[in-house]
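Undergrad: My questions all concern the structure below.
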Amino acid sequence: MKMHTSSKLRKEFIKKWVKGLQICCSSKKNMDILERKKKIKLCADIALASAKNETTLWSIALISEAKKDDENKILVDNLLGPESRFKPRMTNRQMIACHKRVRSKKILKKSRHVCQKMKKMGPPKSNLAAYIAKKLVKRRTQVLKRLVPGGESMDKFSLIKEALDYILSLRIQVDVMRTLVNANEVLNQSDSKIYN
Amino acid sequence: MSTRRSRSRQSTASRISDDQINDLVSKLQQLLPEIRSHRSDKVSASKVLQETCNYIRSLHRDIDSLSDRLSELLENTDPTQASIIRSLLMQ
């Protein structure tokens, strides 16, 4: 069952990526290498997210993030089609203010919890290992939240579920891109043989 | 009375999601190249999280370096080459 969905995703991704590459790489003939690289990568990222068809949180977050950049907006709109429902829900300033509010509430909550825990804690040695383990999990969860698009606003369960899907999708992206690189190298080699 | 009821409801809810979380974590474990080689299923949660983050980062790096190489290779795309590439990818 999983193989079937992944080959479908793969085909969708290729279709959208090729379409995007045609749009952005045909506009300017002489782009510098860095600019072309950025466009290739952007096309690939958006193609992958769009191929998910709004079925995952990470793909929705990735696309709404990409739409915020005015430079990319034209490309994204072209790739997603005119009926694209993705609209950034908040402006950047609103997002920052919202984050600050959420963060200060979290800090207040945390300090209250810590005070309560300190009262409950028995002899420090017996609880220390569990305490450290919990801290480690907490810290690493924070890191994961930053790595998965849209992870900051996910609960622990969704975060793990989304991370799983995100990894599977990224693997497809890497595999397709690598196939293209290999194919290109073969073609370039054979070209040079013809002309020599 | 009400506190006892609400407390038990809370514990059943967390019990269900704990199982689901464990299921997800084991699925994640199977994906991660580092951990798959370890024989047992006794891997700590923090280790799984760490390996997940490392794996995502390495996938990001792969995509970045592949984009670099593609930008060099696709410098001169003539239409015949493009159609060959497309058909290769479609397989």
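Taken in order, these protein sequences are the chains called A and B.
Just so you know, we're using our numbering here: the first sequence kicks off at 1 and counts up by one.
Just so you know, we're using our numbering here: the second sequence kicks off at 1001 and counts up by one.
Positions of the beta carbon are idealized from the N, C-alpha and C atoms, including for glycine.
#1: Measuring only between beta-carbons, confirm whether residue 185 (chain A) sits less than 8 Å from chain B.
#2: Along the stretch 155-189 of chain A, where does the CB come closer than 8 Å to a CB of chain B? Name the residues.
#3: Assign residue 107 (chain A) to buried or exposed, taking buried as 16 or more other Cβ atoms, counted over all protein chains shown, within 10 Å of its Cβ.
#4: In or out: residue 162 (chain A) buried (at least 16 other Cβ within 10 Å) or exposed?
#5: In chain A, which residues lie with their C-beta within 8 Å of the C-beta of residue 1064 (chain B)?
#6: Rounded to the nearest angstrom, what separates residue 160 (chain A) and residue 187 (chain A) at their Cα positions?
#7: For chain B, check one thing: does any of its Cβ atoms lie closer than 8 Å to the Cβ of residue 76 (chain A)?
#8: To the nearest angstrom, report how far apart residue 176 (chain A) and residue 103 (chain A) are at their CA atoms.
#9: Could you check if residue 36 (chain A) is buried or exposed, using at least 16 other CB atoms within 10 Å of its CB as the buried criterion?
#10: Whole angstroms is fine: what's the gap from residue 1056 (chain B)'s alpha carbon to residue 66 (chain A)'s?
#11: What does a CB cutoff of less than 8 Å around residue 145 (chain A) pick up in its chain, not counting 5 residues either side in sequence?
#12: Does the beta-carbon of residue 185 (chain A) have 16 or more other beta-carbons within 10 angstroms, so that it is buried, or is it exposed?
#13: Report the CB separation of residue 139 (chain A) from residue 1066 (chain B) in whole angstroms; it is logged as a contact under 8 Å.
#14: According to DSSP, is residue 69 (chain A) part of a helix, a strand, or is it coil?
#15: So the alpha helix (DSSP H) residue 1052 (chain B) belongs to, where does it begin and stop?
#16: Could you tell me which of A:169, A:171 and A:42 sits nearest to residue 72 (chain A), measuring between CA atoms?
#17: Does the beta carbon of residue 171 (chain A) fall short of 7 Å from some heavy atom of the ligand MG?
#18: Here's the rule I'm using: 16 or more other beta-carbon atoms within 10 Å means buried, otherwise exposed. How should residue 130 (chain A) be labelled?
#19: According to DSSP, is residue 150 (chain A) part of a helix, a strand, or is it coil?
#20: What in chain A is Cβ-close to residue 1025 (chain B), meaning under 8 Å?
#21: Given residue 51 (chain A), which residues of its chain have a CB within under 7 Å of its CB, disregarding the five upstream and five downstream residues?
#22: Can you give me the Cβ contacts of residue 1032 (chain B) inside the same chain, cut-off strictly under 6 Å, excluding the 5 residues immediately before and after it?
#23: Roughly how many angstroms lie between the CA atoms of residue 956 (chain B) and residue 166 (chain A), to the nearest whole one?
#24: If you draw a straight line from the alpha carbon of residue 5 (chain A) to that of residue 60 (chain A), how long is it in whole angstroms?
#25: Using beta carbons (cut-off 8 Å, strictly below), is residue 33 (chain A) in contact with chain B?
#26: Go ahead and pull the three-state DSSP assignment for residue 31 (chain A).
#27: Going straight from the alpha carbon of residue 1059 (chain B) to that of residue 174 (chain A), what length do you get?
#28: Measure from the C-beta of residue 136 (chain A) to each C-beta in chain B and report whether the shortest distance is under 8 Å.
#29: Quick check on this structure: which residue in B:1020, B:1068, B:1027 and B:1062 has the alpha carbon closest to the alpha carbon of residue 1048 (chain B)?
#30: For a cutoff of 8 Å on Cβ pairs, would you count residue 141 (chain A) as touching chain B?
TA: Let me spell this out:
#1: Walking along the first sequence from the start, residue 185 (chain A) turns up at place 185. Taking Cβ atoms only, chain B reaches closer than 8 Å to residue 185 (chain A), which makes this a yes.
#2: 156, 157, 160, 161, 163, 164, 166, 167, 168, 170, 171, 173, 174, 176, 177, 178, 179, 180, 181, 183, 184, 185, 187 and 188
#3: Taking the first sequence and counting its residues from 1, the one referred to as residue 107 (chain A) is at position 107. The residue in question, residue 107 (chain A), is exposed, as its Cβ has fewer than 16 Cβ neighbours within 10 Å.
#4: Within the first sequence, numbered from 1, the residue matching residue 162 (chain A) stands at position 162. Buried is the call here.
#5: Translated into the one-based positions of the second sequence, residue 1064 (chain B) becomes position 64. By Cβ distance, chain A contributes 41.
#6: Residue mapping note: residue 160 (chain A) aligns to position 160 of the first sequence, counting from 1. Residue mapping note: residue 187 (chain A) aligns to position 187 of the first sequence, counting from 1. So the alpha carbons of these two residues sit roughly 41 Å apart.
#7: Here the question's residue 76 (chain A) lines up with position 76 in the first sequence. It does not: the Cβ of residue 76 (chain A) has no partner Cβ on chain B nearer than 8 Å.
#8: For the purposes of this step, residue 176 (chain A) is taken as residue 176 along the first sequence, with counting starting at 1. For the purposes of this step, residue 103 (chain A) is taken as residue 103 along the first sequence, with counting starting at 1. Distance between the alpha carbons of residue 176 (chain A) and residue 103 (chain A) is about 39 Å.
#9: Working through the first sequence from its first residue, we reach residue 36 (chain A) at position 36. Buried, since its Cβ has 16 or more Cβ neighbours within 10 Å.
#10: In the second sequence, counting from the first residue as 1, residue 1056 (chain B) sits at position 56. In the first sequence, counting from the first residue as 1, residue 66 (chain A) sits at position 66. The straight-line gap from Cα to Cα measures roughly 19 Å.
#11: Numbered from 1 along the first sequence, position 145 holds the residue referred to as residue 145 (chain A). Same-chain partners within the cutoff: 151, 152, 154 and 159.
#12: As a first step, residue 185 (chain A) must be located in the first sequence, where it is residue number 185. Label assigned to residue 185 (chain A): exposed.
#13: Counted from its first residue, the first sequence places residue 139 (chain A) at position 139. Counted from its first residue, the second sequence places residue 1066 (chain B) at position 66. Incorrect: roughly 30 Å between the Cβ atoms, too far for contact.
#14: What you label residue 69 (chain A) is simply residue 69 of the first sequence in a count that begins at 1. The answer is coil: DSSP assigns residue 69 (chain A) none of H, G, I, E or B.
#15: In the second sequence, counting from the first residue as 1, residue 1052 (chain B) sits at position 52. Counting along the chain, the alpha helix (DSSP H) containing residue 1052 (chain B) begins and ends at 1045-1073.
#16: The residue you call residue 72 (chain A) lines up with position 72 of the first sequence. Per the Cα distances, A:42.
#17: Here there are no bound small molecules, and the ligand MG is not part of this structure.
#18: Here residue 130 (chain A) refers to the residue found at position 130 when the first sequence is read from its first residue. By the 10 Å Cβ count, residue 130 (chain A) comes out exposed.
#19: By 1-based counting over the first sequence, the position of residue 150 (chain A) is 150. In the structure shown, residue 150 (chain A) sits in coil (DSSP, three-state: anything other than H, G, I, E or B).
#20: As a first step, residue 1025 (chain B) must be located in the second sequence, where it is residue number 25. 160, listed in chain order.
#21: To locate residue 51 (chain A), count along the first sequence from 1; it is residue 51. Excluding positions up to five away in sequence, the list reads 9, 12, 13 and 16.
#22: Taking the second sequence and counting its residues from 1, one reaches residue 1032 (chain B) at position 32. Closer than 6 Å at Cβ, skipping near neighbours: 1051 and 1055.
#23: Nothing can be reported for residue 956 (chain B), as the shown portion of chain B is limited to 1001 through 1091.
#24: Within the first sequence, the letter at position 5 stands for residue 5 (chain A). Within the first sequence, the letter at position 60 stands for residue 60 (chain A). For residue 5 (chain A) and residue 60 (chain A), the distance between alpha carbons rounds to 19 Å.
#25: Within the first sequence, the letter at position 33 stands for residue 33 (chain A). For residue 33 (chain A), the answer is yes, since a Cβ of chain B falls inside 8 Å of its Cβ.
#26: As a first step, residue 31 (chain A) must be located in the first sequence, where it is residue number 31. Residue 31 (chain A) falls in the coil class under three-state DSSP.
#27: Taking the second sequence and counting its residues from 1, one reaches residue 1059 (chain B) at position 59. Taking the first sequence and counting its residues from 1, one reaches residue 174 (chain A) at position 174. Straight-line Cα distance between these residues: approximately 7 Å.
#28: Position 136 of the first sequence holds residue 136 (chain A). Residue 136 (chain A) counts as touching chain B.
#29: Here the question's residue 1048 (chain B) lines up with position 48 in the second sequence. Taking only the C-alpha atoms, the option nearest residue 1048 (chain B) is B:1027.
#30: The residue given as residue 141 (chain A) occupies position 141 in the first sequence. With 8 Å as the cut-off, residue 141 (chain A) counts as an interface residue toward chain B.
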